[in-house]
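Remarks on the structure that follows.
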Amino acid sequence: EAGVAQSPRYKIIEKRQSVAFWCNPISGHATLYWYQQILGQGPKLLIQFQNNGVVDDSQLPKDRFSAERLKGVDSTLKIQPAKLEDSAVYLCASSQNGGRTEAFFGQGTRLTVV
Amino acid sequence: AQSVTQLGSHVSVSEGALVLLRCNYSSSVPPYLFWYVQYPNQGLQLLLKYTSAATLVKGINGFEAEFKKSETSFHLTKPSAHMSDAAEYFCAVTLSNDYKLSFGAGTTVTVRA
Chain B
1362 EAGVAQSPRY
1372 KIIEKRQSVA
1382 FWCNPISGHA
1392 TLYWYQQILG
1402 QGPKLLIQFQ
1412 NNGVVDDSQL
1422 PKDRFSAERL
1432 KGVDSTLKIQ
1442 PAKLEDSAVY
1452 LCASSQNGGR
1462 TEAFFGQGTR
1472 LTVV
Chain Z
387 AQSVTQLGSH
397 VSVSEGALVL
407 LRCNYSSSVP
417 PYLFWYVQYP
427 NQGLQLLLKY
437 TSAATLVKGI
447 NGFEAEFKKS
457 ETSFHLTKPS
467 AHMSDAAEYF
477 CAVTLSNDYK
487 LSFGAGTTVT
497 VRA
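Residue numbers (the numbering used here), protein chains in the order written: chain B, 1362 to 1475; chain Z, 387 to 499.
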């Protein structure tokens, strides 16, 4: 079974630029998560989708971050404009049905904002 | 609100010694509890999960955890540490009436030869 695919693996941008991350979850998984992991901290949930709908985006900085999940499959996370404090690893994960089922993680995208 | 607290950001053990990582949760409804491991430059991988069946849960790589409702704890243990256990470990929780998966701050384990 193919795992969660993320791209790119690494990205370096200047502050105020925009960036987009892509995620392809495991086939058939209804739930898709985007987490932000700052060095030395635990993953922080940015947004959680259940099929096409948003379950939770309470910690998503909506003035600069946006995310969509097309047709309940792939997802993109965008930052515009980026700030220095956005430097982190962005993890995508998927699960069969919500947080009660095992989440499978991609390898993450390491973003450096300079 | 749900939360999970991991006590101790760093744990250092000798090879062959007991590994004990502490996790406490805060919840007014039954939780689903998980332990994940993260190796450098990798995503997270599930070690084990508690879903209201047996309170003692066995996972991969010789790890196990015990759910104690009275102590609101879900501590992770391994009887004998191996060099390959050096990694970061995260406790996570989902409430039974919720879909969100929330993580603790993590504990970094180093293993001394």
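Here a beta-carbon is modelled for each residue, glycine too, at the ideal position from N, C-alpha and C.
- DSSP places serine 470 of chain Z in the helix class (H, G or I) of the three-state scheme.
- For lysine 435 of chain Z, the uninterrupted beta strand (DSSP E) segment begins and ends at 430–436.
- For the stretch 406–436 of chain Z, the residues whose beta carbon sits under 9 Å from a beta carbon of chain B are, in order, Tyr418, Phe420, Tyr422, Gln424, Asn427, Gln428, Gly429, Leu430, Gln431, Leu432 and Lys435.
- When the alpha-carbon of threonine 1437 of chain B is set against those of B:Gln1468, B:Ile1399, B:Val1416 and B:Tyr1451, the nearest one is in B:Tyr1451.
- For leucine 462 of chain Z, no CB of chain B lies under 8 Å from its own CB, so it is not counted at the interface with that chain.
- Close to aspartate 1417 of chain B, with beta-carbon spacing below 8 Å, are these residues of chain Z in chain order: Tyr485 and Lys486.
- Where glutamine 1398 of chain B is concerned, the enclosing beta strand (DSSP E) starts and stops at 1392–1398.
- Beta-carbon to beta-carbon, alanine 478 of chain Z and glycine 490 of chain Z are separated by about 7 Å, close enough to satisfy the 8 Å threshold.
- Listed along chain B, no residue sits closer than 9 Å to alanine 472 of chain Z by beta-carbon distance, the nearest being about 16 Å off.
- With a cutoff of 8 Å on beta-carbon distance, histidine 468 of chain Z and valine 497 of chain Z are scored as near each other.
- The stretch 1456–1475 of chain B makes contact with the stretch 421–430 of chain Z: 3 or more CB pairs, one atom from each, lie closer than 8 Å.
- A residue is called buried once 16 or more other Cβ atoms fall within 10 Å of its Cβ, and threonine 480 of chain Z is buried on that count.
- Counted as a single uninterrupted DSSP element, the beta strand (DSSP E) harbouring arginine 1430 of chain B occupies residues 1426–1430.
- The alpha-carbon of serine 466 of chain Z is positioned some 44 Å away from that of isoleucine 1374 of chain B.
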